[in-house]
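Chemist: At position 8 of the sequence shown the residue is numbered 8 (full-length UniProt numbering), and the sequence of numbers has no breaks. Quick one: structure below, then a few questions.
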Amino acid sequence: MRFVEEAGQLPAERERVRSKSKKPVDRPSTLEALGRKMLEEAISPQLRQRIMRESGFALLIEAPSASWCETIAAAAAELRRWSAEYVHDGSNKNHKPSYKSREAVEALSAGRSLLGVSPDPRILLPSALVQAADSWVVVRQPNSATIAAVIAAVTGRVGISLPEDVVVGLDHDDIVAAIRRGSTARGCRDRLAAARRSRILRYSNAEIPRIEELSGYGAAGGWAKDLIDGFAHFRAEKVTFAALQSRVVLASEPGLGKTTFAKALAKSLEVPLISTSVATLFSNEDGHLGDVIRSLDQTFREARSSAPSVLLLDELDALPNRATMDNRARDFWTPVVTRFLTALDALADAPVVVVGATNHAERLDSALVRAGRLEKVIRIGPPSPDDIAQILRQQLGRELLRADLAPLTCLALGRTGADIVSAVKLARTLARQQGRRLALEDLHRAFLPDDRRSAPLLRRIACHEAGHAVATVLLTSNILHFVSLVCDAGSAGRSMSTPGPDGIVRLDDVEAEIICNLAGRAAEEVLVGDISAGGISDLESATRLVVMLHAGAGLRGKLTHLFAANASTTLAEHPHLRRVVERDLRRLHKRAIAFVRANRWTVEAVADALLAQSVVTGDFVANLVRSAGPPFPPSR
């Protein structure tokens, strides 16, 4: 047992190039040198002496990943003669913790020495061995200093200089194949660098940009930048991974690029991306409880064994909230949620970046988003005009470099990043079908699909949206971004605005907001001559605001708070309130009609621009309002 007799010193750490007889020195294989060196760094001299001398010693070794188990076990076999060795890498999906537990109990009670090696001992090794182990040793992924020592041992060439990230992202086989007996130290280093470049290309999709090249992610982009900077310090061993903010939940409407964000982050960090979702956990097997939990465990083990890595937990809201869970499903889902949380906790000591993605952050279990787990929820909104311009330019590359993309930016307002990427692909398809290069007209056609609605219907919709837009600019401090006739997502047209800087809510502000909601309906009545049922959502919003005034905000003389989960429930529970709300809605609708009549020229001008261009910006509407002269607010 040379490794034990030399107190853990690798042969290459002494002068071993040639003996006096000029015979070549027998050098260890890469597998031998790697296992010995990594175990040497994990086991103190005092513990080594205990392992060698104590009878009935039970040793657990946590390997850095599944691929390292056999190499670590072979090195541990040199420490002493073990009565039994339990080496499990998790590849057997039907494996259970009760595996050979009875056998381990009998061996321990008989005073025999046992060895267990696994990337996840608690789950993969006999439970009796885990409970009774005399020592639990954690073997870390090799760093540059470890690799330099192994190269010296295998080649006999000492003093090799290696970059800090020489083996970042490489697995066991990559390293072993690169370090060879009979090779030069420089040759080993060059092969490691080539393997790393190859692996980066292997998990880096060429179509996915780096996170630094993405636009429109707001606070999520800032979080990613901080993480990338911190990750560089982690790789240089200047900070621990635990010091980084490495866990986040991205929340947004569908199609705003949560999955793309995770892929781009993995590409920037140059680490593998491991992705799963609740639907995936169910699809891997028959959907039985045991199958789901095994699939979940396997995904988290893969993230750990690939570390450093990014783990994407997509469609996170499909995991039920235990506080609101239906009792009929509780027996099934409670173990799944609990195991999910436990698996997340078990990653605390591993360099794994965890990104959750959801369309409904409000549905997540509170235990999932607390500190120490998925600590931060960041909301992603639709891209701003500047973001859209950058996304378009990024997708177009060197095509249409001199084209004015401003009209396209207006057409794309309110669309998601995925919508924009899809439209550019469609434009390229249109050009390819005609056997020519991409033209600006192709992009216009892609962003404006054929609209087969009749001219009278389009005129009605344009007047409706123009009423909303002009009222927003004149009556509120809200910021109007755009008004659109583009028919998508079930909407015949829409106006998009966000609250202004004034966060104080007064009676006049709420009533102005209600008038804005009713101004579309009022514009139809004034400019078209009758009304349609196209403003149902407007009536819903207006009703909710009036109910809030009377039954929730204390702005209509009543201090009693009656507001329930929604306006419909409140009105159903308090019939007398319906008469009051109806009276206020009729009064404010008259004011909305008066407003449209007083600002008819401006509303018609916006409607005409919409019919001509399909989309107009908030700045365009604001300029029309200014050119019309002093505003004409509705009389009270």
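C-beta: ideal position from N, C-alpha, C; glycine also. Here the structure is a predicted model, which is why all the values come from computation and not from measurement.
On the premise that Val-352 lies in contact with Leu-374, defined as a C-beta separation below 8 Å, what is that separation, rounded to the nearest angstrom?
Modeler: Wrong, their Cβ atoms sit about 12 Å apart, outside the cutoff.
Chemist: Name the DSSP bridge partner or partners of Arg-494?
Modeler: Looking at the DSSP assignment, Arg-494 forms a beta bridge with Ser-484.
Chemist: Start and end of the beta strand (DSSP E) containing Leu-311?
Modeler: Here the beta strand (DSSP E) through Leu-311 covers 309-314.
Chemist: Using the three-state DSSP reduction, which class does Thr-155 fall into: helix, strand or coil?
Modeler: Helix at Thr-155.
Chemist: Measure the alpha-carbon distance for Arg-583 versus His-589 and round it to whole angstroms.
Modeler: Roughly 10 Å between the two C-alpha positions.
Chemist: Name the DSSP beta bridge partners of Arg-586, please?
Modeler: None, per the DSSP bridge assignment.
Chemist: Excluding the 5 residues flanking Leu-475 on each side, which residues of the same chain have their C-beta closer than 7 Å to its C-beta?
Modeler: Around Leu-475: Ala-512, Ile-515, Cys-516 and Pro-633.
Chemist: Whose C-beta lies closer than 7 Å to the C-beta of Leu-545 among residues of the same chain, with five residues either side of it excluded?
Modeler: Around Leu-545: Val-510, Glu-513 and Ile-514.
Chemist: Decide if the segment 327-343 is in contact with the segment 218-235; the criterion is three or more beta carbon pairs, one per stretch, under 8 Å apart.
Modeler: With a cut-off of 8 Å, the segment 218-235 and the segment 327-343 do not count as touching, because too few Cβ pairs lie within range.
Chemist: What residue does the beta strand (DSSP E) around Val-510 start on, and which one ends it?
Modeler: Careful: Val-510 lies outside any beta strand (DSSP E), inside the alpha helix (DSSP H) at 507-523.
Chemist: Which residues in the same chain as Ser-55 place their Cβ atom closer than 8 Å to its Cβ, once the five residues preceding and following it in sequence are excluded?
Modeler: Cβ within range, chain order: Gly-111 and Ser-113.
Chemist: Which residues does DSSP pair with Trp-136 in a beta bridge?
Modeler: Note: Trp-136 sits in a beta bridge opposite Leu-60.
Chemist: Are the CB atoms of Arg-157 and Thr-184 within a distance shorter than 8 Å?
Modeler: Contact: yes.
Chemist: Cα separation between Ser-21 and Leu-192?
Modeler: In this prediction, Ser-21 scores a pLDDT of 43, lower than 50, which makes its location untrustworthy; the coordinate-derived value is nonetheless stated afterwards. Looking at the two C-alpha atoms, the distance is approximately 34 Å.
Chemist: Determine the extent of the beta strand (DSSP E) in which residue 662 is found, giving its start and end residues.
Modeler: Outside the displayed span of the chain (1 to 636) sits residue 662, for which this structure offers no information.
Chemist: Straight-line CA distance for Leu-527 to Leu-443?
Modeler: Approximately 33 Å between the Cα atoms of the pair.
Chemist: Within a Cβ cutoff of 6 Å, which residues of the same chain sit near Ile-228, ignoring the five residues on either side of it in sequence?
Modeler: Correct list, in chain order: Ser-268.
Chemist: Starting from the C-beta of Leu-611, find all residues in its chain whose C-beta is less than 8 Å away, skip the five residues before and the five after it, and write them out in chain order.
Modeler: Leu-458, Arg-459, Ala-462 and Leu-485.
Chemist: Take Met-496 and list the residues in its own chain whose beta-carbon comes closer than 6 Å to its own, dropping the five residues that flank it on each side.
Modeler: Taken in chain order, the residues that qualify are Gly-414, His-481 and Phe-482.
Chemist: Please list the terminal residues of the continuous alpha helix (DSSP H) segment that includes Arg-247.
Modeler: Segment 247-251 is the beta strand (DSSP E) holding Arg-247; no alpha helix (DSSP H) there.
Chemist: Which of the three DSSP states, helix, strand or coil, is assigned to Glu-465?
Modeler: Looking at Glu-465 - three-state DSSP - the assignment turns out to be helix.
Chemist: I'd like to know whether the C-beta atoms of Ile-380 and Leu-256 end up nearer to each other than 8 Å.
Modeler: Against a cut-off of 8 Å, the Cβ pair of Leu-256 and Ile-380 comes out as a contact.
Chemist: By the DSSP assignment, the beta strand (DSSP E) with Thr-358 in it spans what residues?
Modeler: 352-358 is the extent of the beta strand (DSSP E) around Thr-358.
Chemist: Taking all protein chains shown into account, do 16 or more other C-beta atoms lie within 10 angstroms of the C-beta of Met-38, making it buried, or fewer, making it exposed?
Modeler: When all chains shown are included, Met-38 counts as buried.
Chemist: Starting from Ile-228, trace the alpha helix (DSSP H) in both directions and tell me its first and last residue.
Modeler: Element bounds for Ile-228: 219-235.
Chemist: Comparing alpha-carbon positions, which option in Pro-575, Trp-601 and Ser-614 lies nearest Arg-626?
Modeler: Ranking the options by Cα distance to Arg-626, first place goes to Trp-601.
Chemist: Helix, strand or coil for Leu-457? Go by DSSP, reduced to three states.
Modeler: Three-state result, Leu-457: helix.
Chemist: Beta-carbon separation of Pro-142 and Arg-304 under 8 Å?
Modeler: The answer is no: Cβ separation not under 8 Å.
Chemist: Can we count Pro-456 as close to the ligand GTP, meaning its CB is less than 7 Å from some heavy atom?
Modeler: Ligands are entirely absent from the displayed structure, and the ligand GTP is therefore not among its contents.
Chemist: Can you list, in chain order, the residues of its chain whose CB lies under 6 Å from that of Asp-171, leaving out five sequence neighbours each side?
Modeler: Here the set comprises Ser-67.
Chemist: For Val-87 versus Ala-104, is the C-beta spacing smaller than 8 Å?
Modeler: Contact: no.
Chemist: Considering only their Cβ atoms, is the gap separating Gly-216 from Gly-417 smaller than 8 Å?
Modeler: In this structure, Gly-216 lies closer than 8 Å to Gly-417 by Cβ.
Chemist: So is Asp-297 buried or exposed if we call it buried at 16+ other beta carbons inside 10 Å?
Modeler: So Asp-297 counts as buried.
Chemist: Looking at the unbroken alpha helix (DSSP H) that takes in Leu-379, where does it start and where does it end?
Modeler: According to the sequence displayed, residue 379 carries Arg and not Leu. Taken as a continuous stretch (DSSP letters only), Arg-379 belongs to no alpha helix (DSSP H), being part of the beta strand (DSSP E) at 377-379.
Chemist: Let me know if Pro-64 comes out buried or exposed under the rule of 16 or more other beta-carbons within 10 Å of its beta-carbon.
Modeler: Under this definition Pro-64 is a buried residue.
Chemist: Quick check on this structure: which residue in Gln-49, Ser-144 and Ala-149 has the alpha carbon closest to the alpha carbon of Asp-165?
Modeler: The residue with the shortest Cα to Cα distance from Asp-165 is Ser-144.
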